[in-house]
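Student:
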Amino acid sequence: MDNSHSAEEIEHEATNKPLMSVTTFDSHKITNSTVHQVEPGPPHEALFLVLAYLPLFELVAMSEVCKSLKDEVDKDVLPWLNIIAQRPLNLRLSDDILMKMTSKANGRLRSLVLIDCTRITNAGLHRVLQKNLLLTKLYVPGCTSLTLDGVIEAVKSLCQNHHSLKSLMLDGIYNITEEHLSTFSSYLQMNRTQQEQHQQQQPILYHNYTNLPTHYHEESNRAIDVEVCPKCSQVRMVFDCPRETCKGKRSQADCRGCSFCIPRCEECGVCVGSEEMEETVCKDIVCSCCWLQLRKCEFCNKPYCRRHAHQHSSSSSSTGFVCDVCLSKFIINPYDDDDDEEE
Ligand SMILES: [Zn+2]
Ligand SMILES: [Zn+2]
Ligand SMILES: [Zn+2]
Ligand SMILES: [Zn+2]
Ligand SMILES: [Zn+2]
Numbered sequence: 045m046d047n048s049h050s051a052e053e054i055e056h057e058a059t060n061k062p063l064m065s066v067t068t069f070d071s072h073k074i075t076n077s078t079v080h081q082v083e084p085g086p087p088h089e090a091l092f093l094v095l096a097y098l099p100l101f102e103l104v105a106m107s108e109v110c111k112s113l114k115d116e117v118d119k120d121v122l123p124w125l126n127i128i129a130q131r132p133l134n135l136r137l138s139d140d141i142l143m144k145m146t147s148k149a150n151g152r153l154r155s156l157v158l159i160d161c162t163r164i165t166n167a168g169l170h171r172v173l174q175k176n177l178l179l180t181k182l183y184v185p186g187c188t189s190l191t192l193d194g195v196i197e198a199v200k201s202l203c204q205n206h207h208s209l210k211s212l213m214l215d216g217i218y219n220i221t222e223e224h225l226s227t228f229s230s231y232l233q234m235n236r237t238q239q240e241q242h243q244q245q246q247p248i249l250y251h252n253y254t255n256l257p258t259h260y261h262e263e264s265n266r267a268i269d270v271e272v273c274p275k276c277s278q279v280r281m282v283f284d285c286p287r288e289t290c291k292g293k294r295s296q297a298d299c300r301g302c303s304f305c306i307p308r309c310e311e312c313g314v315c316v317g318s319e320e321m322e323e324t325v326c327k328d329i330v331c332s333c334c335w336l337q338l339r340k341c342e343f344c345n346k347p348y349c350r351r352h353a354h355q356h357s358s359s360s361s362s363t364g365f366v367c368d369v370c371l372s373k374f375i376i377n378p379y380d381d382d383d384d385e386e387e
């Protein structure tokens, strides 16, 4: 869990100084002296209004703070109508936990967003959907335990009989063919208004998408995230290119394609040819321009991309740092013999 606040920490703070712990969510900001000056009491009423806006992880943590917050979280339907499960909850989310969470919406679940929730199975998804047929968004990218048949079944049940599914994310579900894709499209078209059907699709840029996939899927006005890659004909996420010289010919651009066919800069999303491909510590690709601007490791002169920048553990000066690879190679285990060769 990469969140630094355990439920116990939050609980500890809340019983001592309820409002402050929630507004800052930072255990280090509350010193012992301030904590003990305040008498324990019920949470401030304003807190209850916040619940509907909290991400799932915070909502669950909040329900463990104290009894009155737990009761409020349990009885209020509003925070549970749009469930978004992603890191750090994704790996813990089982079918049973999902069922329990979604049941709090009393059958009124509007969107179910499961990002990389690899433990969710067809059976688990179906159990939830049977009770929540009014779903408008079903996003399951990277939910690799779901099979294509399972997803088809799910989409069918959410689209037929005037049900209301309009938007679908499937990236990472195996074996989708062009034929499946048109089946999905025809189901979803039934529920999309004329206006929605004719809205112009916005291009999807790689660097935007990898940072905020659901946001950019919605911005793009697409019913389904994946499409047929013009390069390899596989059904995958297909990215447009923001490079000025490629932009003019957008849809026919040579560099429009999935990330297997067209290497792209992690930072700015442009297509990157082998001559300007630079490597990062995290093994992502960046273009020369972005590479020049990123801070480099003092030992190997490689940067982290911005998405993985938080990973470096040692910062030795205001301008430089030592990456994790060099840290373990040269500082922690300098005499280790079984170092692997240069890749
Ligand atoms: Zn491709
Ligand atoms: Zn770049
Ligand atoms: Zn390009
Ligand atoms: Zn390094
Ligand atoms: Zn990276």
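In terms of the working numbering, the sequence shown opens at residue 45 and continues consecutively. C-beta atoms are modelled at their ideal positions from N, C-alpha and C, and glycine is treated no differently.
#1: Any contact of the region 129 to 136 with the region 90 to 106, i.e. 3+ C-beta pairs under 8 Å?
#2: Compute every distance between the C-beta of V330 and the non-hydrogen atoms of ligand 4, then say whether any falls below 6 Å.
#3: Quick one: is the Cβ of C370 within less than 6 Å of any heavy atom of ligand 4?
#4: Can you list the beta strand (DSSP E) stretches of 3 or more residues lying completely in the region 93 to 149, in chain order?
#5: Can you list, in chain order, the residues of its chain with a C-beta nearer than 7 Å to that of T221? Leave out the 5 residues immediately preceding and following it.
#6: Under three-state DSSP, which class holds S277?
#7: Any contact of the region 150 to 164 with the region 192 to 202, i.e. 3+ C-beta pairs under 8 Å?
#8: What do you reckon, is the C-beta of F283 under 6 Å from a heavy atom of ligand 1?
#9: Could you check whether the Cβ of S313 sits closer than 6 Å to any heavy atom belonging to ligand 1?
#10: Rounded to the nearest angstrom, what separates T237 and C299 at their Cα positions?
#11: Would V330 pass as a contact of E311 if the rule is Cβ separation under 7 Å?
#12: For F283 and Y250, which I take to be in contact (beta-carbon distance under 8 Å), what is that distance rounded to the nearest angstrom?
#13: Could you tell me which uninterrupted alpha helix (DSSP H) segments, each at least 4 residues in length, are contained entirely in the region 151 to 183, listed from first to last along the chain?
#14: Where do the ends of the alpha helix (DSSP H) carrying I439 lie?
#15: If you draw a straight line from the C-alpha of C367 to the C-alpha of K148, how long is it?
#16: Just confirm the distance between the C-beta atoms of L179 and L156, as a whole number of angstroms; I'd bet it's less than 8 Å.
Tutor: On the basis of the data shown:
#1: yes
#2: By one-based count along the sequence shown, residue 330 stands at place 286. Because no heavy atom of ligand 4 lies under 6 Å away, the Cβ of V330 does not count as near it: no.
#3: Within the sequence shown, numbered from 1, the residue matching residue 370 stands at position 326. At least one heavy atom of ligand 4 is nearer than 6 Å to the Cβ of C370, so yes.
#4: 126 to 129
#5: By 1-based counting over the sequence shown, the position of residue 221 is 177. Cβ neighbours of T221 beyond the five flanking positions: V279.
#6: If you number the sequence shown from 1, residue 277 lands on position 233. Residue state, collapsed to three classes: coil.
#7: no
#8: As a first step, residue 283 is located in the sequence shown; it is residue number 239 there, counting from the start. It does not: the Cβ of F283 is nowhere closer than 6 Å to a heavy atom of ligand 1.
#9: Looking up residue 313 in the sequence shown gives position 269. Per the sequence presented here, residue 313 reads as Gly, with Ser not at that position. No.
#10: Here the question's residue 237 lines up with position 193 in the sequence shown. Here the question's residue 299 lines up with position 255 in the sequence shown. Cα-Cα distance, rounded: 32 Å.
#11: For this step, residue 330 is matched to residue 286 along the sequence shown. For this step, residue 311 is matched to residue 267 along the sequence shown. The answer is yes: Cβ separation under 7 Å.
#12: Translated into the one-based positions of the sequence shown, residue 283 becomes position 239. Translated into the one-based positions of the sequence shown, residue 250 becomes position 206. Correct: roughly 4 Å between the Cβ atoms.
#13: 166 to 175
#14: Since the first and last residues shown for the chain are 45 and 387, residue 439 lies out of range.
#15: Looking up residue 367 in the sequence shown gives position 323. Looking up residue 148 in the sequence shown gives position 104. Cα-Cα distance, rounded: 44 Å.
#16: Taking the first residue of the sequence shown as 1, we reach residue 179 at position 135. Taking the first residue of the sequence shown as 1, we reach residue 156 at position 112. Right, their Cβ atoms sit about 6 Å apart.
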